[in-house]
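**Q** Chains as they are written, first to last, in the working numbering: chain A, 33 to 345; chain B, 33 to 345; chain C, 33 to 345; chain D, 33 to 345; chain E, 33 to 345; chain F, 33 to 345. We put the CB at the ideal spot given by N, CA and C, even for glycine. As the structure is a computational prediction, the values presented were derived from the model and not from experiment.
There are 6 protein chains.
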Amino acid sequence: MKKLKELTLDETFEIFVLLKNADVRVAKNGKKFIAFTFQDKSGTIDGKFWGASEDEISKFTAGKVVLLGGKREAYQNAPQIKILNMRLATELEPNDPSLYMEAAPMTREAMEEEIQQVIFDIQNATWNRIVRHLYTKYHEAFYEFPAAKRNHHAFSGGLAFHTLSMLRLAKGITHFYPEVNQSLLYAGTLLHDLGKVIELSGSVSTEYTLAGNLLGHIVIIDEEITKTCEELKLDQMSEDVIVLKHMVLSHHGLLEYGSPVRPQIMEAEILHQLDNLDASIQMMLGALRSIEPGERTERIFGLDNRNFYLPKC
Amino acid sequence: MKKLKELTLDETFEIFVLLKNADVRVAKNGKKFIAFTFQDKSGTIDGKFWGASEDEISKFTAGKVVLLGGKREAYQNAPQIKILNMRLATELEPNDPSLYMEAAPMTREAMEEEIQQVIFDIQNATWNRIVRHLYTKYHEAFYEFPAAKRNHHAFSGGLAFHTLSMLRLAKGITHFYPEVNQSLLYAGTLLHDLGKVIELSGSVSTEYTLAGNLLGHIVIIDEEITKTCEELKLDQMSEDVIVLKHMVLSHHGLLEYGSPVRPQIMEAEILHQLDNLDASIQMMLGALRSIEPGERTERIFGLDNRNFYLPKC
Amino acid sequence: MKKLKELTLDETFEIFVLLKNADVRVAKNGKKFIAFTFQDKSGTIDGKFWGASEDEISKFTAGKVVLLGGKREAYQNAPQIKILNMRLATELEPNDPSLYMEAAPMTREAMEEEIQQVIFDIQNATWNRIVRHLYTKYHEAFYEFPAAKRNHHAFSGGLAFHTLSMLRLAKGITHFYPEVNQSLLYAGTLLHDLGKVIELSGSVSTEYTLAGNLLGHIVIIDEEITKTCEELKLDQMSEDVIVLKHMVLSHHGLLEYGSPVRPQIMEAEILHQLDNLDASIQMMLGALRSIEPGERTERIFGLDNRNFYLPKC
Amino acid sequence: MKKLKELTLDETFEIFVLLKNADVRVAKNGKKFIAFTFQDKSGTIDGKFWGASEDEISKFTAGKVVLLGGKREAYQNAPQIKILNMRLATELEPNDPSLYMEAAPMTREAMEEEIQQVIFDIQNATWNRIVRHLYTKYHEAFYEFPAAKRNHHAFSGGLAFHTLSMLRLAKGITHFYPEVNQSLLYAGTLLHDLGKVIELSGSVSTEYTLAGNLLGHIVIIDEEITKTCEELKLDQMSEDVIVLKHMVLSHHGLLEYGSPVRPQIMEAEILHQLDNLDASIQMMLGALRSIEPGERTERIFGLDNRNFYLPKC
Amino acid sequence: MKKLKELTLDETFEIFVLLKNADVRVAKNGKKFIAFTFQDKSGTIDGKFWGASEDEISKFTAGKVVLLGGKREAYQNAPQIKILNMRLATELEPNDPSLYMEAAPMTREAMEEEIQQVIFDIQNATWNRIVRHLYTKYHEAFYEFPAAKRNHHAFSGGLAFHTLSMLRLAKGITHFYPEVNQSLLYAGTLLHDLGKVIELSGSVSTEYTLAGNLLGHIVIIDEEITKTCEELKLDQMSEDVIVLKHMVLSHHGLLEYGSPVRPQIMEAEILHQLDNLDASIQMMLGALRSIEPGERTERIFGLDNRNFYLPKC
Amino acid sequence: MKKLKELTLDETFEIFVLLKNADVRVAKNGKKFIAFTFQDKSGTIDGKFWGASEDEISKFTAGKVVLLGGKREAYQNAPQIKILNMRLATELEPNDPSLYMEAAPMTREAMEEEIQQVIFDIQNATWNRIVRHLYTKYHEAFYEFPAAKRNHHAFSGGLAFHTLSMLRLAKGITHFYPEVNQSLLYAGTLLHDLGKVIELSGSVSTEYTLAGNLLGHIVIIDEEITKTCEELKLDQMSEDVIVLKHMVLSHHGLLEYGSPVRPQIMEAEILHQLDNLDASIQMMLGALRSIEPGERTERIFGLDNRNFYLPKC
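1) Mind the definition here: the stretch 222–239 of chain B touches the stretch 180–193 of chain B only if three or more C-beta pairs lie below 8 Å; say whether that holds.
2) Taking the beta strand (DSSP E) that residue 104(F) falls in, what are its first and last residues?
3) Just the Cα atoms here: how many angstroms apart are residue 347(C) and residue 55(C)?
4) Cα separation between residue 257(C) and residue 277(C)?
5) Going along chain A in order, which residues have a C-beta closer than 7 Å to the C-beta of residue 301(F)?
6) Are the CB atoms of residue 35(F) and residue 73(F) within a distance shorter than 8 Å?
7) What residues are listed by DSSP as bridge partners for residue 170(C)?
8) Which residues of chain A have a Cβ atom closer than 8 Å to the Cβ of residue 33(B), listed in chain order?
9) I'd like to check one pair, residue 39(F) with residue 48(F): are the Cβ atoms closer than 8 Å?
10) Tell me, please, which residues DSSP counts as bridged to residue 341(C).
11) Leaving out five residues before and five after residue 311(F) in sequence, what residues of the same chain have Cβ atoms less than 6 Å from its Cβ?
12) Exposed or buried, what is residue 157(D) when buried is set at 16 or more other beta-carbons lying within 10 Å of its beta-carbon?
13) What does residue 156(A) touch in chain F if you count any residue whose Cβ is under 9 Å from its own?
14) Taking C-alpha atoms, which residue in 159(C), 41(C), 95(C) lies nearest to residue 236(C)?
15) If you check the beta carbons only, do residue 347(D) and residue 271(C) fall under 8 Å apart?
16) Given that residue 337(F) touches chain A, what residues does it touch there, using C-beta distances under 7 Å?
17) Under the three-state reduction of DSSP, which class applies to residue 69(D): helix, strand or coil?
18) With 8 Å as the threshold, decide whether the Cβ of residue 10(C) is near any Cβ in chain D.
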């Protein structure tokens with residue numbers, strides 16, 4: 033069975049795909065249609081379902097797997113699907129959404145193992161206990177959530193993979209600059225984006241939650257550390273706790289980017305820069321993978337809207 | 033007994049004053065001296081204590097009341113005290129520091145009464161309980177602390193007076209624009225700066241604490257609300273709690289000013305503007321009070337370093 | 033008779049409406065059409081008049097009241113009118129445009145009375161005479177004009193209502209901070225936006241005039257004060273006049289917002305902040321009134337393009 | 033008789049100089065001294081008059097010419113005068129301040145003649161009449177005032193010389209780009225800085241006036257045009273008048289630089305750029321004249337605090 | 033034969049035009065079409081060629097001259113060509129693209145002569161030799177290329193005309209301010225934009241080259257001077273060479289505009305301002321030429337997106 | 033023999049030190065003095081040599097080693113040397129300046145070996161040849177120069193150590209993200225700051241050269257690549273060369289920081305971020321090494337003037 037991105041212009045096909053988005057709109061003639069985004073592991077293509085009935089609207093919602101019959105057309109230079117027929121996948125068919133979503137390039141098990149080893153290496157008892165407590169509490173979500181609604185690591189498992197990539201860079205840093213506090217850098221890295229499991233709604237049809245919008249993941253994880261301290265009876269006025277909170281609060285680097293304080297500790301500044309570095313590389317790699325040498329990527333919002341050239345050499 | 037600001041050039045005097053600052057430094061000749069800032073309710077004047085002994089250094093520290101004999105001189109156009117003699121005030125003398133500090137223009141009792149009435153008017157039970165809990169917990173500090181280390185309301189009781197002034201403006205707003213949620217605006221105003229009782233060290237020789245520097249009062253009060261909810265068993269994912277936290281988190285208005293989120297609720301935007309308005313007026317009034325009509329104030333750091341003209345009309 | 037905003041999808045109707053805009057354009061097929069914006073007190077909806085004749089183009093112009101027969105459709109999720117028939121309202125029918133325009137929430141008489149009382153309270157004779165002179169000269173326009181072409185108070189009587197709302201806030205300020213010069217704050221508030229009666233073309237189909245574009249309302253009112261002084265033989269180098277001019281010149285607060293000087297007098301800074309506060313509240317209220325609790329408003333241009341959430345609590 | 037800048041280190045001298053500044057201050061020992069800036073056509077040097085009596089303070093004020101006996105010393109690498117003796121110049125001695133002030137590099141008569149010719153070339157009757165009226169009204173001040181308190185053209189006659197230099201550039205522009213309206217560019221150039229005769233206090237000890245601070249020269253000249261129109265009974269709503277006012281209002285180019293509107297007419301944009309160009313060249317020339325090839329000038333405030341290198345080639 | 037801009041609405045015609053752009057796109061129905069921009073000396077108009085065959089696509093490419101039969105229509109208020117028939121111009125017909133392109137308002141010969149005279153006036157031997165070398169090397173391209181892909185002087189010969197216009201202004205400057213080094217200002221002006229002959233692809237269908245994108249014309253001309261020095265065996269550490277390179281490197285004035293260094297020499301600052309001045313005037317003139325007095329131009333990207341009013345006086 | 037930083041207050045001593053700076057100035061009394069900065073491997077302290085004779089001025093110049101007898105005092109809280117006696121070190125004494133300068137924490141040999149290995153790993157022949165050519169040409173200077181006049185790596189060998197630290201990070205990056213072009217990242221890193229050997233004057237009394245000021249190290253290295261290509265007869269329009277030049281040109285990341293182009297290739301963006309990361313860590317480490325846990329560093333200019341806290345945990 034072909035993948036979405038393998039279809040050629042004017043090819044007709046029948047394949048299983050995930051409904052990534054399903055927005056109901058009203059056409060010029062007053063009738064409703066559904067604007068779909070179809071997805072499989074090769075990527076996404078849009079398609080419109082004209083004259084949808086109320087029944088079809090309630091059936092074909094985001095997150096469902098369907099057997100899609102269609103023709104691969106093009107509209108204003110972008111590929112597009114003309115829908116010929118469509119039905120929900122049955123239980124006997126491959127109807128698990130995760131089969132169709134982009135995923136981290138490592139298995140969850142491999143990520144878990146590598147991350148557990150890092151947690152083991154945190155030698156400060158306070159930081160170790162706080163990290164363990166929160167990694168137990170949000171274990172499932174942490175390994176499922178994306179790292180962002182869009183931009184970098186916007187795929188299932190993206191949050192864990194982003195965290196792991198940063199931990200690897202952090203290990204190198206503490207090797208070359210031994211005066212850097214490894215335990216602090218590890219603990220800060222592990223917690224810095226964990227608030228996203230509350231800021232975002234999940235890995236399918238990801239949206240911001242009310243708390244995500246009104247508080248933001250930086251404040252959310254600070255509150256989680258606060259609650260953990262209450263529960264574990266840790267002194268919140270101790271330097272250990274204040275310094276760890278400072279790591280997560282300052283990790284966006286600049287006030288303009290939503291950190292309420294700028295980094296005032298060396299490890300906090302490094303955490304911020306590693307976050308930037310891994311996110312930048314992921315965004316560039318993502319965009320470069322879909323072009324050929326000698327071409328330019330589309331503009332990348334998270335990198336000041338620049339586009340990048342892929343050299344032929 | 034004269035006040036500091038009433039002394040004329042070359043006048044000798046003996047009066048009780050508070051040591052607001054007492055910084056030990058080393059002179060060009062290698063000997064130590066103490067750079068004092070003397071204070072009474074009329075204001076502050078600096079003076080240097082040359083060749084201080086270790087005994088004098090440990091005795092004359094910030095926060096002490098002394099009987100100061102000196103001469104009012106001038107240095108580079110600024111008034112200055114030449115110290116002739118100096119001793120600590122005894123227990124039989126007026127040695128309470130608060131007798132010499134600038135204070136709010138209302139008695140503490142009057143402020144307490146007016147603020148209690150406002151708390152009574154918060155009709156949402158969740159907000160009412162959170163405010164009451166924190167106002168009980170930090171009651172003493174709230175009525176003693178300044179609203180800032182310098183800039184606006186930098187005097188004993190300044191935090192309460194600033195809060196009260198904003199509540200008065202808030203009452204007017206909800207009167208003229210009845211769609212504004214009065215309970216929410218009151219609750220947000222009452223809590224917005226309460227984190228300063230942890231951010232700052234107190235009303236004498238005010239400094240930032242470690243938590244003040246690394247977390248900031250905005251995050252600190254958010255954590256306090258979090259702890260209150262744990263204690264009172266309030267659901268932190270309820271809209272009531274999220275919205276109240278948003279009020280305090282966004283009250284600096286812009287990310288650049290340290291709010292991790294910008295106001296996304298009408299009452300939060302209003303809270304931010306009232307905070308600005310009262311702080312601006314206090315800073316201008318403070319500067320204008322020490323000049324004559326037809327003159328200009330010194331530059332005010334908190335108002336983009338502008339100076340202001342006092343019209344003769 | 034139903035109002036525009038009460039119509040449901042696909043409903044056919046015949047109602048009187050005002051032509052708020054009537055732009056003549058050329059369609060893909062080379063024929064002319066008119067892009068209308070219909071208005072009544074419930075709001076506005078767009079509709080296109082295809083294949084308009086020269087006669088129809090000259091008849092159906094902005095500012096006319098028509099009897100509109102049509103069907104309420106939708107286009108790209110926005111409501112739209114399909115025009116079935118249309119004729120000008122006769123003299124016997126309700127053909128006064130003001131019947132269909134949004135208006136201030138107070139009667140003109142009530143506004144006039146309240147504003148007259150404030151003028152009466154200006155105790156400085158120079159300011160009192162200048163304000164009276166200009167309020168007499170532009171009396172009619174002041175009570176009819178909007179406060180802006182779009183954004184805040186963009187309705188008939190909006191200029192007067194915005195001024196009045198600010199005067200109420202100003203009264204509160206001078207009550208709580210008695211050192212503020214009430215007469216000066218009143219006079220500045222009354223004049224600050226009066227130049228808009230020359231900057232804008234009127235309350236129907238509001239546009240910027242040539243003077244509005246090339247000079248701006250801030251300079252225009254300064255010129256009006258200059259002419260008033262010439263006429264009343266007031267000394268323009270007197271501090272009274274200079275200070276009043278400074279109030280209006282600096283009321284946008286920042287050079288970037290078009291004030292040629294920043295506020296250098298306390299009352300000028302307060303005037304600027306009250307202007308901001310009332311305009312912000314009006315913009316938020318306007319946007320919040322058309323959504324339900326739990327929803328977000330559309331983005332508000334005048335508030336840095338933020339949108340606002342309406343809490344359910 | 034030597035000039036100030038010709039004195040060598042440790043040389044004693046007796047020469048006539050102008051007191052450019054004479055600030056009374058209080059020394060560390062509580063006694064008053066006068067901080068003088070002495071000036072002659074070669075430049076300025078500072079010197080302190082220690083232990084000044086009240087009589088001396090009232091006698092040696094800014095703007096007076098004195099016979100100064102002193103020694104040329106140095107303090108922190110800057111030249112300095114040690115005052116040995118000093119008395120006011122008598123009526124029989126060269127006591128006209130203008131003999132000691134930097135002046136424009138042309139005679140006033142030459143400037144007048146060249147400028148009169150340009151006025152003659154303004155063909156639009158309205159602009160011609162307004163310019164003539166204001167050039168008659170402020171004739172004396174225009175040829176005496178500096179163009180600024182400091183920065184560029186800060187010398188007697190500087191305002192006229194700056195205006196004339198720009199007129200020469202304007203003539204070249206209209207020659208090479210004949211579509212540019214010469215009369216408009218001339219009229220705008222002639223008026224653009226004329227408000228400085230009210231903004232500044234004069235050519236000696238130049239300060240900002242109250243109107244200068246609170247209104248600024250841009251608004252002041254706009255008001256002068258307004259008054260001229262009243263007097264000459266010119267229609268202020270005519271395009272001629274509005275366009276001329278726009279020229280002067282927008283000549284700072286950006287709102288941030290104090291123009292209430294940005295240039296919206298080609299000639300206004302050109303006027304702004306020519307103003308910049310002439311001011312920049314004057315500032316650079318002024319700084320370069322006091323250094324040798326291979327050296328760098330001091331930092332120039334008006335050019336973003338850059339310093340400039342004088343090439344040896 | 034009529035010109036494109038002379039056609040009236042609904043007029044049918046047959047004229048020779050140049051294909052300025054020819055973009056192949058895919059329509060909603062999946063078929064290919066060509067989006068043409070037709071050009072002659074009067075200007076440009078767009079037109080779509082529906083259902084283009086592969087043969088037609090390979091034949092009608094940008095840079096070809098065609099005989100176009102069509103009808104002048106309009107689409108969303110903009111003129112548009114409905115294509116009725118179209119064939120390539122034969123060798124016997126006027127098929128030279130330059131016949132249809134906008135050109136500088138002077139002949140190439142006149143420009144060459146005037147520029148040669150200026151080169152002759154460069155008295156410093158090093159600068160003279162470098163300029164001559166590069167003007168010989170890139171002679172053809174210099175007189176053919178535009179000065180930019182779009183914005184100012186975007187026509188054949190535009191680079192030479194822009195350079196010449198600046199040289200004329202430079203001559204005036206050195207006349208009025210004789211301390212300015214004329215040879216340096218001339219040499220810098222002649223070279224400042226010469227790198228565009230490598231940055232851009234040519235005068236037809238102008239695009240950025242790879243070197244243009246990745247290095248930019250400022251660095252490219254600096255490299256060309258470097259190569260010239262190697263070839264002519266000029267000492268690159270000599271002040272002559274460093275200063276000339278500085279002229280071209282700093283000519284964008286601000287780092288934000290792509291200059292790696294800001295002007296640090298008076299002539300470099302002047303070069304930057306003259307570049308700005310000539311470019312601004314050209315952009316304004318270009319926009320003003322297509323409107324009537326009393327109208328406003330379209331927004332000009334290169335002038336902060338402002339639009340300009342053409343006065344009736 | 034004690035080191036400078038080991039001296040205690042009021043201790044007298046006699047040690048060999050390097051004269052890092054020796055600025056001749058004129059005192060208030062008109063006599064000359066020399067403001068020295070003394071240096072040894074422990075750091076630097078200032079001291080003034082009052083009443084210096086012409087002979088002493090010509091003898092005690094920056095870069096000389098002296099035997100200094102003095103007393104360690106303090107002035108305004110900063111340590112200071114009172115000079116008691118001083119003479120030049122003889123040839124028999126340790127008079128090699130490098131004995132007193134801060135140095136890289138690795139031997140030159142170790143750095144050379146590690147860097148040679150990296151050059152060996154550059155697989156693209158063009159990049160390999162260019163790097164080898166320039167590393168041969170500037171071999172000596174590269175291993176002696178600092179990486180900056182002040183800020184980060186401002187010590188002898190600093191340029192090589194900074195480059196090496198970045199190469200180590202680059203190796204880690206290409207290990208974790210194998211799609212990154214290792215040869216390109218290595219070549220770009222090796223060349224990115226090499227222009228500093230021409231921009232700066234050397235490792236003692238480091239100043240900017242004329243070329244350093246007027247061209248800057250980014251353009252200088254680009255010119256060096258250009259010359260290398262001329263010499264090795266490499267095609268400068270080849271993608272290999274253009275891409276390598278782009279790496280060095282864009283390595284400051286933003287135009288505001290002096291790069292004439294922003295990174296448009298993934299490896300260029302990574303190079304920029306690694307440069308930042310290593311420089312930041314070095315600056316923080318340098319400042320943190322001279323404070324105790326619980327203290328704050330002085331403000332670091334290169335990190336937005338922030339200071340950093342050294343945690344006790």
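**A** Put simply:
1) yes
2) 97–107
3) Since the first residue shown for chain C is 33 and the last is 345, residue 347(C) is missing from the structure and cannot be characterised.
4) 7 Å
5) 312, 316
6) yes
7) According to DSSP, which records beta bridges pairwise, residue 170(C) is partnered with nothing at all.
8) Within 8 Å Cβ-Cβ: nothing; residue 33(B) doesn't reach chain A, min ~42 Å.
9) no
10) 328(C)
11) 184
12) exposed
13) 345
14) 95(C)
15) An answer regarding residue 347(D) cannot be provided, because it is not within the stretch 33 to 345 covered by chain D.
16) Here the premise fails: no neighbours, minimum Cβ distance about 11 Å.
17) strand
18) Chain C is shown from 33 up to 345; residue 10(C) falls before or after that span and cannot be answered.
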